[in-house]
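If you read the sequence shown in my numbering, its first letter stands for residue 1, the second for the next number, and so on.
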Amino acid sequence: MNVFSTPSGALELTRFPADPRESLRAWDAADDYLLRHLAETGTDLTGEVTVLGDRWGALVTALAAHRPAQITDSHLGQQATRANLRRNAPRAQDGVRMLTTRDDPPARIDVLLVRVPKSLALLEDQLHRLAPALHAGTVVVGTGMVTEIHTSTLKLFERIVGPTRTSLAVRKARLIFSTPDPSARRGANPWPLRYALPDGIGVLSGRTVTNHAGVFCADHLDIGTRFLLRHLPDRHGPDSVIDLGCGNGVVGTAVALANPGADVLFVDESHQAVASAEATFHDNAGPGAKARFLVGDAADVLTAVPPGGADLVLNNPPFHSHQSVTDTTARRMFHTAKDALRTGGELLVIGNRHLGYHVRLRRLFGNCEVLASDPKFVILRAVKS
């Protein structure tokens, strides 16, 4: 837990799930810069306040007294916000509206605060969705670290919202000021994006995949997934399969097509990803194919699959948390996979060779073998004993 000193008071904040060993903070200089700007300029927050992309709830918790709406793609970010509100603003937490990027946005927004996301596509999609709620008097302020704000970022604000300028950098953070132009011709929202998969990847060759904005590799199949699709196990019968960290659902859908007896659970902490997986699956799977879709953390898997109830877990774990490199998510995924698998059940992991997942898997499962490798990627198999 770390203490964030804000104009409204000191806040004790954590990421989610809270881990006393976690060294990464739940806020940064960009959050601080935005909150201090609002206080120093006396920005009127009595109207409808919406916060887009608040990563761990630092902004919403600091502004809880103003009853903001939070819009986020991240299940973990939303859970962190709830925990931080309970800890710091218990009386105000019921007034905060928790929305996801898949929910209908507020009908009117008087103050829009944007924590610039890592994904330019997600920013584009959400600005398109929010633009109809803006009016000429809406205050629009974005914030991010200097490394997160590019010319392309500003052009999006300019095209979809209106005239845009930036602040000076403070502690490597910057603000974006955009003035809504109700007459702007912003064009149509290009998301979601659908494209045909390439040949040579097995049962999904030439099939259609759907990517909602913000999902990894929006307009093409990434080389890691392509490599995994060529080395999926040949299994038949009533398998219980978990696509853990499913992204757009390509891998789980391939398993379902290759083995009609499989029951696949698609899991991701991104609302955009699970919506993509659901569309990809339904566009390609036959009427008898069985699948479930869960937006949640790795630990939420055990609410959908009983411990020891899975035959196969497929996992391509992320090794970034926003801009930070960390194996925290991978560790939690591996532990969840072990708990979910039956004795003799298999975990297949694909990752960059340099990440050294084999060491952690061998320590956790007592075994780990390399199924396939190339100069960049390795596919590992661990069996629960």
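Yeah, the Cβ is synthetic: ideal placement off N, Cα and C, and Gly gets one too.
Can the beta-carbon of residue i be found less than 7 Å from the beta-carbon of residue j?
| i | j | result |
| --- | --- | --- |
| residue 33 | residue 170 | yes |
| residue 48 | residue 109 | yes |
| residue 259 | residue 236 | yes |
| residue 304 | residue 341 | no |
| residue 189 | residue 215 | no |
| residue 345 | residue 310 | yes |
| residue 86 | residue 69 | no |
| residue 254 | residue 204 | yes |
| residue 14 | residue 29 | no |
| residue 121 | residue 213 | yes |
| residue 123 | residue 175 | no |
| residue 139 | residue 161 | no |
| residue 105 | residue 129 | yes |
Would you identify the three-state DSSP class for residue i, choosing helix, strand or coil?
| i | result |
| --- | --- |
| residue 264 | strand |
| residue 216 | coil |
| residue 97 | strand |
| residue 118 | coil |
| residue 182 | coil |
| residue 328 | helix |
| residue 107 | coil |
| residue 322 | The predicted position of residue 322 is uncertain, since its pLDDT is 46 and thus under 50; a value taken from the coordinates is nonetheless stated next. Note: residue 322 maps to coil in three-state DSSP. |
| residue 249 | coil |
| residue 16 | coil |
| residue 201 | coil |
| residue 176 | strand |
Does any C-beta atom of chain D lie closer than 7 Å to the C-beta of residue i?
| i | result |
| --- | --- |
| residue 3 | Although the question refers to chain D, the structure presented lacks it and comprises just one protein chain. |
Name the DSSP beta bridge partners of residue i, please?
| i | result |
| --- | --- |
| residue 310 | 341 |
| residue 369 | 381 |
| residue 315 | 244 and 349 |
| residue 2 | 13 |
| residue 270 | 74 |
Throw me the rounded Cβ distance for the residue i and residue j pair, which I believe falls under 8 Å.
| i | j | result |
| --- | --- | --- |
| residue 385 | residue 343 | 7 Å |
| residue 177 | residue 146 | Not really, about 16 Å apart at Cβ, beyond 8 Å. |
| residue 115 | residue 73 | 11 Å between Cβ atoms; not a contact. |
| residue 224 | residue 84 | With a Cβ gap of about 34 Å, residue 224 and residue 84 do not count as contacting. |
| residue 301 | residue 274 | With 8 Å as the limit, residue 301 and residue 274 do not qualify as a contact, their Cβ atoms being about 13 Å apart. |
Within 10 angstroms of its Cβ, does residue i collect 16 or more other Cβ (buried), or is it exposed?
| i | result |
| --- | --- |
| residue 354 | exposed |
| residue 211 | buried |
| residue 307 | exposed |
| residue 360 | buried |
| residue 117 | buried |
| residue 256 | buried |
| residue 125 | buried |
| residue 206 | exposed |
| residue 183 | exposed |
| residue 180 | buried |
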